[in-house]
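Notes follow the structure.
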Amino acid sequence: MKDVITISELAKLMQVSVHQIRYFEEKGVLHPAFTGENQYRMYGMNEVYRLAHILLLRKMGLSVQVIQDCLSHLTAEQIMPIFRQALTDTEAEIRRLRDTKHFIEKLLEKKESISQKSIQTEGGAYSIIHRDEVSLSLWFEMQDAESLGAQRLVEHRGNISNLFEADIHYVYNDSGTIGLYTQEENRQSDLILPTGSYLSCTLFVQNEERIAKTIQEFYAYAEEKGYLCSGPLIMVEKSYLSLFTPDQLHYELLSYVSNPEAE
DNA sequence: TTTCTCACA
DNA sequence: TGTGAGAA
Numbered sequence: 001m002k003d004v005i006t007i008s009e010l011a012k013l014m015q016v017s018v019h020q021i022r023y024f025e026e027k028g029v030l031h032p033a034f035t036g037e038n039q040y041r042m043y044g045m046n047e048v049y050r051l052a053h054i055l056l057l058r059k060m061g062l063s064v065q066v067i068q069d070c071l072s073h074l075t076a077e078q079i080m081p082i083f084r085q086a087l088t089d090t091e092a093e094i095r096r097l098r099d100t101k102h103f104i105e106k107l108l109e110k111k112e113s114i115s116q117k118s119i120q121t122e123g124g125a126y127s128i129i130h131r132d133e134v135s136l137s138l139w140f141e142m143q144d145a146e147s148l149g150a151q152r153l154v155e156h157r158g159n160i161s162n163l164f165e166a167d168i169h170y171v172y173n174d175s176g177t178i179g180l181y182t183q184e185e186n187r188q189s190d191l192i193l194p195t196g197s198y199l200s201c202t203l204f205v206q207n208e209e210r211i212a213k214t215i216q217e218f219y220a221y222a223e224e225k226g227y228l229c230s231g232p233l234i235m236v237e238k239s240y241l242s243l244f245t246p247d248q249l250h251y252e253l254l255s256y257v258s259n260p261e262a263e
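Using full-length UniProt numbering, read the first sequence as starting at 1 and increasing by one per residue.
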């Protein structure tokens with residue numbers, strides 16, 4: 001009696017699916033020790049080790065084709081660069097996951113900080129906040145808020161990575177144009193928002209038409225409270241916050257205030 | 001239970 | 001690179 005096991009026993013032993021074992025066979029990397037009269041595949045210790053190796057290499061991200069090469073004809077010298085590449089790819093994957101982790105942390109942080117915001121009015125939640133210096137790079141300029149469409153995004157794509165994952169700053173210039181700025185690491189700085197106090201209004205709106213009205217209300221509020229606003233009006237779009245309320249757009253209006261102690 | 005095949009993500 | 005379903 002030969003010391004062999006069936007495919008389902010092998011699958012259970014190595015914690016893979018029966019399907020997967022047959023798939024490896026189809027690709028030529030793992031063959032049964034022999035096939036019984038009933039056409040059942042039977043596997044021995046050699047195959048157990050072979051499968052263990054295959055699974056290790058799969059874990060390293062190698063394709064089944066490359067695994068086949070490694071386990072058949074390649075020399076140790078030929079295998080080394082393949083493993084070095086696997087290391088490089090793994091490091092890239094770790095960076096990607098770390099970025100995703102940072103994004104999720106930021107998401108939760110922002111959500112919580114907004115929930116705690118003060119003075120709720122009809123138009124939005126107003127507060128005076130301190131902001132550290134922010135360096136922005138110009139993405140592109142447009143004539144008015146309505147001219148931002150999908151076509152426009154496609155035109156200017158490429159200049160920017162991870163669109164909509166980061167804050168997008170709309171800066172209203174005196175000339176009437178609107179500059180779209182992003183906060184990109186190691187890019188040239190086109191606009192510096194100085195450190196200091198800002199009047200902030202966070203708003204969640206169903207449609208964009210509401211925004212123009214809110215901007216008026218924003219300045220009316222500042223005047224009523226006696227705040228001296230200077231510099232351009234900045235509107236920060238936080239599209240990722242819509243993950244919490246998909247039917248609403250999330251913005252923060254900001255204006256530098258030179259007398260935060262007013263009121 | 002296992003095999004094979006086809007469709008599908 | 002696998003998975004799911006169905007028939008034998």
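All C-beta atoms, glycine included, are put in the ideal place defined by N, C-alpha and C.
Since this is a predicted model, take the numbers as computed values, not measurements.
- Given a length threshold of 4 residues, each whole run of the alpha helix (DSSP H) inside the stretch 22-89 is given here in chain order: 45-59 and 64-72.
- For a cut-off of 8 Å, the C-beta gap from Leu107 to Tyr251 is around 16 Å, too long to register as a contact.
- Scanning its chain for C-beta atoms nearer than 8 Å, with the 5 sequence neighbours on each side dropped, one finds around Lys111 the residues Leu241 and Phe244, in chain order.
- When DSSP reads this structure, Gly196 sits in a beta bridge with Arg131.
- Of the residues assessed, Phe218 falls on the buried side of the cut-off, its CB having 16 or more other CB atoms within 10 angstroms.
- Secondary structure of Ile160 (DSSP, three-state): coil.
- Per DSSP, the beta-bridge partners of Gly179 are Glu141 and Val171.
- In the three-state reduction of the DSSP assignment, Thr202 falls in the strand class, which pools E and B.
- Burial check for Pro81: the Cβ neighbour count within 10 Å stays below 16, so the residue is exposed.
- Apart from sequence neighbours up to five positions away, the residues of its chain that approach Asn173 with a beta-carbon distance below 7 Å are Gly179 and Pro232, ordered along the chain.
- In the DSSP annotation of this structure, the continuous segment of the beta strand (DSSP E) that includes Tyr251 starts and ends at Leu249 to Val257.
- Secondary structure of Tyr240 (DSSP, three-state): helix.
- Here Ile234 is not near Leu199, since their CB atoms are 8 Å or more apart.
- Here Val29 is actually not in contact with Val66; their C-beta atoms are around 10 Å apart, not less than 8 Å.
- For Arg210, the enclosing alpha helix (DSSP H) begins and ends at Glu209 to Lys225.
- Secondary structure of Leu108 (DSSP, three-state): helix.
- Boundaries of the alpha helix (DSSP H) around Glu9: Ile7 to Met14.
- Its Cα nearest to that of Leu254, the residue His130 stands out among His130, Ala262 and Glu209.
- Going by beta carbons, Gln68 and Lys27 fall inside the 8 Å limit.
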